[in-house]
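Asks: Mapping to numbering that gives the first Met the number 0: the sequence shown position 422 is 421, numbers consecutive.
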Amino acid sequence: MALSRIFDLSNRSLAAYKNALDVTANNIANASNENYSRQKVTFASEKADISGVLRLGSGVKLSEVSRVRNSYIDNQIQEKNTSYQYNSKKSEVLGRMEDIFLETTGSGFSNSLNEFFNSWQELSSNPTSVGLRNDVLNSAKSLSSRTSDILDGLDDLKYDVVSDYREKVDSLNLSLKNLKAINVEIKSQQGNFRQSPDLLDERDKILKELSSLANIKVEIGDDEIAQVSIGGISAADASMVKEFSVSITDGELGIVTSKDGKKATLKGGELGGLSDVYNESIPAVEENFLNIVETLKNAVNDAHSTGYSITDPPQTGTLFFIEGPAGELQINSAILNDLDMLATSGDGTNGNSDNALAIASLLDAKLLNGDDLTSNYTEIISNLGNQVQLSENMATANNLSLEQLDSAKNEVSGVSIDEEMTNIIQYQRSYDASAKLIKVADEMLQTILNMV
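(1) Take the Cβ of Phe192 as the centre, count every other Cβ of all protein chains shown within 10 Å, and call the residue buried at 16 or more, exposed below.
(2) Note down the Cα distance separating Asp48 from Ser3, rounded to an integer number of angstroms.
(3) I'd like the ranges of any beta strand (DSSP E) spanning at least 3 consecutive residues and lying wholly in the region 229 to 267.
(4) Quick check on DSSP: helix, strand or coil for Thr41?
(5) DSSP beta-bridge partners for Gln425?
(6) How is the alpha helix (DSSP H) around Leu284 delimited, first residue to last?
(7) In chain order, what residues of the same chain lie with their CB nearer than 8 Å to the CB of Leu206, ignoring the 5 residues before and after it?
(8) Kindly give me the distance between the Cβ atoms of Ser111 and Leu156, rounded to whole angstroms, as I take these residues to be in contact under 8 Å.
(9) Could you tell me the alpha carbon to alpha carbon distance between Lys186 and Ile247, rounded to whole angstroms?
(10) Whose C-beta lies closer than 8 Å to the C-beta of Asn113 among residues of the same chain, with five residues either side of it excluded?
(11) Measuring CB to CB, does Thr81 end up less than 7 Å from Gly272?
(12) Whose CA, out of Asp21, Arg95, Phe116 and Asp7, lies closest to the CA of Lys296?
(13) Our contact map puts Ser106 next to Val387 with C-beta atoms below 8 Å; I'd like the distance itself, whole angstroms only.
(14) Helix, strand or coil for Thr317, going by three-state DSSP, please let me know.
(15) What is the residue span of the alpha helix (DSSP H) that Leu389 lies within?
(16) Going along the chain, which residues of its own chain have a beta-carbon closer than 7 Å to the beta-carbon of Ala434, five neighbours each way excluded?
(17) With respect to the alpha helix (DSSP H) encompassing Val92, which residues constitute its N-terminal and C-terminal limits?
(18) Thinking just about the alpha-carbon of each residue, which of Ser147, Asp148 and Met96 is nearest to the one in Ala283?
(19) Does Gly369 come out as helix, strand or coil in the three-state DSSP assignment?
(20) Using a 10 Å radius around the Cβ and a threshold of 16 neighbouring Cβ atoms, would you call Ser9 buried or exposed?
(21) For Gln445, does the count of other Cβ atoms within 10 angstroms reach 16, so buried, or fall short, so exposed?
(22) Buried or exposed: where does Met340 fall if 16 or more other Cβ atoms within 10 Å of its Cβ makes it buried?
(23) Give a yes or no on whether the C-beta atoms belonging to Arg37 and Asn25 are separated by under 7 Å.
(24) Per DSSP, what kind of secondary structure is Asp275 in: helix, strand or coil?
(25) In terms of residues, what are the limits of the beta strand (DSSP E) holding Lys60?
(26) Suppose the cutoff is 8 Å on Cβ atoms and the five residues either side in sequence are ignored; what does the same chain contact list for Asn368 look like?
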């Protein structure tokens, strides 16, 4: 019986340290896997046998394979990731909106505006010049074209934002479905294995994906099941998952539950950044720009309609711009067909240029918000630039925090090759010793048999 006990103890030890070596080998294999958490083994003594007055140990067993994590760091990474993706996406889209205005290239609206009024100034020096009148018409066409380009660009940007938004919502729904599936699998395996490290790593990877897309709240119970809420709406656990749809209501972009239309409050992630730009930034810029264009149109029309053309007889009351779709500067066809219809004269005589000077002076006139049109436009571009810079700075700060947190996570959960090699030597020696013990027991058994 004594020898069989030694064999049993040695076999258990061999199995335990063989499994420990398997875990260590798995750690080394995943050393470069950023979604992998280092696994550690926990050894425990087998239940002791009672032999008379003695309690004899029954050897060792591998009681648990667990992953090494710090839940506080994990939570911080999720929060910072949400903020980083929000500011990064916002910065990206705001930067695209800034590019629409082309102010850094010298081909922007402000340049076209100056050229338009300067052409009137030059025309005032020789009001009957065909060439100078052509310059006014061409500068007006350029200003009209630049205005349309900006408004079309803003419309295209809104379309692109919605398209990107739909893709992100599809990714959100897919991640939620995957999370439920992982939760179900974790739940089904817990009875036998207590903990499934690989599944938990996969679960955390999905949680990171979700935190990139939206502001989420995660609750993980003792059973390791993750319950996730998005924007205040319970979205997924082991028993249910909700699907979200894109909603554009009263010009506001958001997500709602597909089944009952409940709206999520997005404050972070890529979806939050896209929503904020679509709902706030683009409409504010568009409204301010349209105010400038409308004020410009009205001011030029008021001044032009009081002047006289150089036709025979002179005509007055002619509008320079006609009514069209909001934001468009459509030049009066009468002027397009006859340059003499440009109202340069203030008294009806051909050599008079008072009205051309009056129109040219509109460049510096306080027409909107107590300031000239150029200053109003510059404020739009300046505010937009400040928003881009602020978002970039916030994204940079968030990214720095993420790098620090990732470093802290790697110190806890990352695989150290040196440490794993130390474990290999330790487990190998224990394995060799167990095998040696079997050999000793076998030699003892042969001795007994030979005596018989």
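Backbone N, C-alpha and C fix where the C-beta goes; we use that ideal spot for every residue, glycine too. Small disclaimer: the values here were computed from a predicted structure and weren't measured.
Replies: Based on what the coordinates show:
(1) Its pLDDT being 46, under 50, Phe192 is placed unreliably by the model, and the measurement read from it follows with that caveat. Classification of Phe192: exposed, given that the 10 Å Cβ count is below 16.
(2) Straight across, the Cα-Cα distance linking Asp48 with Ser3 is about 14 Å.
(3) If we require 3 residues or more, the beta strand (DSSP E) runs fully inside the region 229 to 267 come out as 232 to 235, 243 to 248 and 251 to 256.
(4) If DSSP states are grouped into helix, strand and coil, Thr41 belongs with the strands.
(5) BP columns for Gln425 are empty, so no partner.
(6) According to the sequence displayed, residue 284 carries Val and not Leu. Ile281 to Thr305 is the extent of the alpha helix (DSSP H) around Val284.
(7) The residues are Gln77, Leu178, Ile215, Val217, Ala225 and Val227.
(8) That belief does not hold up - the Cβ atoms of Ser111 and Leu156 are roughly 20 Å apart, past 8 Å.
(9) Rounded to whole angstroms, Lys186 to Ile247 spans 38 Å at the Cα level.
(10) Contacts found: Leu362 and Thr373.
(11) For Thr81 and Gly272, no; Cβs fall outside 7 Å.
(12) Shortest Cα-Cα distance from Lys296 to any of Asp21, Arg95, Phe116 and Asp7 involves Phe116.
(13) Actually they are not in contact, since the Cβ atoms of Ser106 and Val387 sit about 19 Å apart, beyond 8 Å.
(14) DSSP places Thr317 in coil when its eight states are reduced to three.
(15) That run of the alpha helix (DSSP H) goes Leu372 to Ser412.
(16) Apart from the 5 residues on each side of it in sequence, Ala434 sits with its Cβ closer than 7 Å to the Cβ of Leu13 in its chain, given in chain order.
(17) Judged by DSSP secondary structure, Val92 falls within the alpha helix (DSSP H) whose first and last residues are Ser70 to Ile99.
(18) Sorting Ser147, Asp148 and Met96 by C-alpha distance to the C-alpha of Ala283 places Met96 at the top.
(19) Coil at Gly369, not helix or strand.
(20) Result: buried.
(21) Label assigned to Gln445: exposed.
(22) Met340 should be labelled buried.
(23) Result no, Cβ atoms of Arg37 and Asn25 do not sit closer than 7 Å.
(24) Residue state, collapsed to three classes: helix.
(25) Val59 to Arg66 is the extent of the beta strand (DSSP E) around Lys60.
(26) Within its own chain, the residues whose Cβ lies closer than 8 Å to the Cβ of Asn368, once the five positions on either side in sequence are excluded, are Asn375, listed in chain order.
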